[in-house]
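Enquirer: Sharing a structure with you now.
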Amino acid sequence: MGQQIQREAISRYAYLFVALLAIIQSTLIVLSTDSSFSFIYNLSAPYTYLPFMVAIFVPSAVSYLITNAKSAIFYTNILIIAVLTVWITLWDAKNLELSYSQPQFTAFATLIVLFFFLLPWLQTRQLVGRWHIDYSHLLDFYIKNTLLMIIATVIGGLLVILLYLASFLFTIVNLSTLSQLIDNNFTLYSGFTLGFNIGLVFLRSIFEFRFSQFIHYIARFFLIILHLIAAIFVGGFLFSFVMKLSILEVGASAILWFLALNIILINLTYGNGHHQYQRFTWLNTLTLSSIILLNFFSLFSLYGILVRVNQYSWSVSRLYAFSIALFFTVIIFAYSFAIIRRRTLWAKSLGTINKVGIVGLMAAILMINSPIADFNRITANSILASIENGKIDVNPRLAFALKELGPKGQQAIERLKLNPNYTALLYTDIDIGNEKMSKSPKEAIIIAKNSAELPESWWSQTRESSCINNYHPPHCLGFMADINQDGQNEVIICRASPKSDSLACTIWQYQITDWKLIDHQISHYDSVAQRDNAWDKLLNGQFKLVPKEWLQVVPEQ
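Just so we're aligned: 301 in full-length UniProt numbering is position 301 of the sequence shown, and the numbers increase by one with no gaps anywhere.
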């Protein structure tokens with residue numbers, strides 16, 4: 001795979017620097033995960049999570065980069081990491097005050113992807129003093145950094161387990177004070193951060209990357225399997241098209257994972273393409289044909305996403321999926337163009353294609369987290385356009401979805417409220433986050449055909465709140481029936497969630513002065529379609545009472 005990465009010379013003082021930083025890291029994590037911290041210092045929503053994100057990423061980057069604590073390039077690299085961490089975290093968290101979701105996941109995932117691709121460039125600049133890096137060297141860094149992260153995480157985790165074990169053992173011999181000193185958040189977090197960071201620095205000093213050929217052969221084996229899967233899938237698609245059989249669904253997310261695996265394994269197999277591997281002629285033909293065939297998958301994923309957009313509108317998740325699919329499409333098209341142009345020597349273009357692609361990907365991440373390509377703004381404008389075109393209904397769920405978009409979503413709500421008809425439909429004064437109800441129980445629960453009306457006494461004390469206060473409320477129906485054959489009707493409420501293949505029913509019995517929840521029954525079906533058929537029968541009052549197959553387990557008195 002080209003140039004190999006050797007062990008790195010690390011100053012002894014670097015270990016002390018990393019150890020002190022690990023203690024600071026654990027302190028920040030403990031404070032930022034304590035809810036009283038933001039309350040005491042009156043931190044607004046975006047700044048609540050900033051200390052946590054800085055504590056996670058900056059010290060970890062130090063452990064990946066440090067060789068000499070006196071290096072100016074090292075501190076410049078850390079400054080780049082810190083600025084990017086603050087930028088992405090604040091941009092992602094700026095909508096928290098209007099949103100009911102938590103911002104950490106998106107920012108966390110974005111920073112992991114960004115730093116995964118950026119770190120080898122920073123490491124190379126620190127080693128040789130320039131940004132230029134050979135692609136085989138870059139690829140080795142990606143593999144090495146991933147392996148070291150996994151091993152360092154295991155080291156930190158084992159240290160935490162040992163601290164838990166020590167705390168337990170000390171409790172046995174009445175050393176409760178020492179046990180409590182060990183079994184607290186600060187000690188445990190410090191144990192992990194010290195183990196992870198010092199372990200990472202130590203591994204860098206002794207680690208020599210010697211098994212690139214082994215990884216190549218493993219990747220080569222799985223790449224052949226993926227090629228066969230691709231060929232069979234396309235054959236099945238053509239058969240379905242010729243026979244005019246319906247395709248269940250596009251499944252864009254699964255196709256994107258498939259494309260990602262192919263791109264990763266192609267790069268692990270070929271590296272920078274300077275070493276030509278001897279293969280059977282048929283196998284080489286299969287490989288090149290399958291890479292060209294990946295264009296079908298990338299275009300198919302784009303088609304699947306655009307179908308959903310045409311049906312409804314853009315959403316933040318669809319924009320992310322489309323961006324990933326578009327990136328894969330460009331990369332795979334570049335691979336295909338190289339194959340057509342250079343045939344068996346196509347892999348020599350891999351380094352150039354991938355380095356340009358990685359730089360483009362990092363630039364795209366920064367643009368997405370800026371006003372240039374604000375996904376929240378694009379989504380809000382798309383939703384408004386879809387409402388005007390009649391693709392989306394105006395209802396309380398829409399108000400909730402728009403609030404998730406932060407200020408841009410709130411602006412969209414204000415524009416909708418200019419129309420009196422939309423104002424009545426939006427229920428914008430309803431606080432779904434505090435579980436206030438957008439509908440009354442009588443509006444949310446459908447009465448089955450031929451059923452007696454549910455008693456007013458039941459309506460007045462109903463606890464079937466799941467039908468009326470969730471962001472994705474299930475379909476609910478109710479009817480009266482004598483379930484226990486005692487001559488008195490019970491109230492039965494059944495619920496069906498949109499994508500679930502089961503029906504859940506609760507049975508309420510009137511006892512003296514109150515309705516009591518007597519039983520909870522769940523029926524499972526092989527598919528959502530079968531569940532929907534059963535639902536329709538319940539709506540029409542078509543049901544029968546049968547004894548339960550299983551007896552109820554009751555503890556002895």
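Even glycine gets a Cβ: it sits at the ideal position worked out from N, Cα and C.
1. Is Leu228 buried or exposed, if buried means 16 or more other CB atoms sit within 10 Å of its CB?
2. By Cβ distance, which residues of its chain are closer than 8 Å to Phe39, with the 5 residues on each side in sequence left out?
3. Give me the residue from Lys70, Gly271, Trp282, Ala22 with the minimum Cα distance to Asn354.
4. Please look up how many angstroms separate the CB atoms of Leu299 and Thr329, rounded, as I've assumed it's under 8 Å.
5. Please classify Ala230: does DSSP put it in a helix, a strand, or coil?
6. Along the chain, where does the beta strand (DSSP E) that runs through His524 open and close?
7. Within the continuous alpha helix (DSSP H) that includes His475, where are the two ends?
8. Could you check which residue in Asp92, Leu261, Tyr64, Leu65 has the C-alpha nearest to that of Ala220?
9. For Thr281, count neighbouring Cβ atoms within 10 angstroms of its own Cβ and tell me buried if that reaches 16, exposed if not.
10. Please classify Pro420 as buried or exposed, where buried requires at least 16 other C-beta atoms within 10 Å of its C-beta.
11. Classify Thr171 as helix, strand or coil using the three-state DSSP reduction.
12. Could you please give the first and the last residue of the uninterrupted beta strand (DSSP E) stretch that includes Ala504?
13. Are three or more beta carbon pairs between the region 12 to 32 and the region 62 to 69 nearer than 8 Å?
14. Check whether the region 126 to 139 touches the region 174 to 188, counting contact only when three or more Cβ pairs, one atom from each stretch, lie closer than 8 Å.
15. Which stretch, first to last residue, makes up the alpha helix (DSSP H) that contains Arg204?
16. What three-state label does DSSP hand Glu556 in the structure shown?
17. Is DSSP giving Arg130 helix, strand or coil here?
18. Assuming Ser336 and Arg342 are in contact, meaning their beta carbons sit under 8 Å apart, how far apart are those beta carbons, in whole angstroms?
19. Give me the Cα-Cα distance between Trp508 and Leu545, rounded to the nearest whole angstrom.
20. Taking 7 Å as the threshold (C-beta atoms), are Leu293 and Ala230 in contact?
21. Quick one: residues in its chain with C-beta nearer than 8 Å to the C-beta of Asp501, no 5 flanking neighbours on either side, listed in chain order?
22. Ile358 and Phe117: beta carbons closer than 7 Å?
23. Tell me whether Tyr13 is buried or exposed, calling it buried when 16 or more other Cβ atoms sit within 10 Å of its Cβ.
24. Following the continuous alpha helix (DSSP H) through Val83, name the residue where it begins and the one where it ends.
25. Take residue 558 as the anchor and find which of Ile88, Pro120, Leu119 has the nearest alpha-carbon.
26. Just tell me which of Trp314, Val113, Gly541 has its CA closest to the CA of Leu361.
27. For Asn484, count the other beta carbons within 10 Å of its own beta carbon; 16 or more makes it buried, fewer makes it exposed. Which is it?
28. Can the beta-carbon of Ser313 be found closer than 7 Å to that of Ser253?
29. Looking only at its chain, what residues have a beta carbon closer than 6 Å to the beta carbon of Leu159, apart from the 5 residues adjacent to it on each side?
30. In three-state terms, what does DSSP make of Ile66?
31. What are the boundary residues of the beta strand (DSSP E) that Ile368 is part of?
32. First and last residue of the beta strand (DSSP E) that includes Ala496?
33. Have a look at Phe170 and Gln180 and give me their C-alpha separation to the nearest angstrom.
34. Does DSSP put Ile372 in a helix, in a strand, or in coil?
35. To the nearest angstrom, report how far apart Thr379 and Pro51 are at their CA atoms.
36. Looking only at its own chain, which residues have a Cβ that is under 6 Å from the Cβ of Ile365, when we skip the five neighbours before and after it?
Expert: The answer reads as follows:
1. Classification for Leu228: exposed.
2. The predicted model places Phe39 with a pLDDT of 48, which falls under 50 and marks its position as unreliable; any figure quoted below should be read in that light. Answer for Phe39: no residue qualifies.
3. Gly271
4. 7 Å
5. helix
6. 514 to 524
7. Not the alpha helix (DSSP H): His475 falls in the beta strand (DSSP E), residues 475 to 481.
8. Looking at the sequence provided, one finds Arg at residue 220 rather than Ala. The option with the nearest alpha carbon to Arg220 is Leu261.
9. exposed
10. So Pro420 ends up on the exposed side.
11. helix
12. Taken as a continuous stretch (DSSP letters only), the beta strand (DSSP E) holding Ala504 covers 502 to 511.
13. yes
14. The region 126 to 139 is not in contact with the region 174 to 188.
15. 185 to 206
16. coil
17. coil
18. A Cβ-Cβ separation of about 11 Å leaves Ser336 out of contact with Arg342 under the 8 Å criterion.
19. 16 Å
20. The Cβ atoms of Ala230 and Leu293 lie closer than 7 Å to each other.
21. Hits under 8 Å: His524, Tyr525, Asp526, Ser527, Val528, Gln530, Arg531.
22. yes
23. exposed
24. DSSP places Val83 in the uninterrupted alpha helix (DSSP H) bounded by 72 to 93.
25. Nothing about residue 558 can be read from this structure; the chain reaches only from 1 to 557.
26. Val113
27. exposed
28. no
29. Gly191, Gly195
30. coil
31. First-last for Ile368: 350 to 368, but that is the alpha helix (DSSP H), not the beta strand (DSSP E).
32. 490 to 496
33. 9 Å
34. Assigned with DSSP and collapsed to three states, Ile372 falls in helix.
35. 29 Å
36. The answer, listed in chain order, is Leu114.
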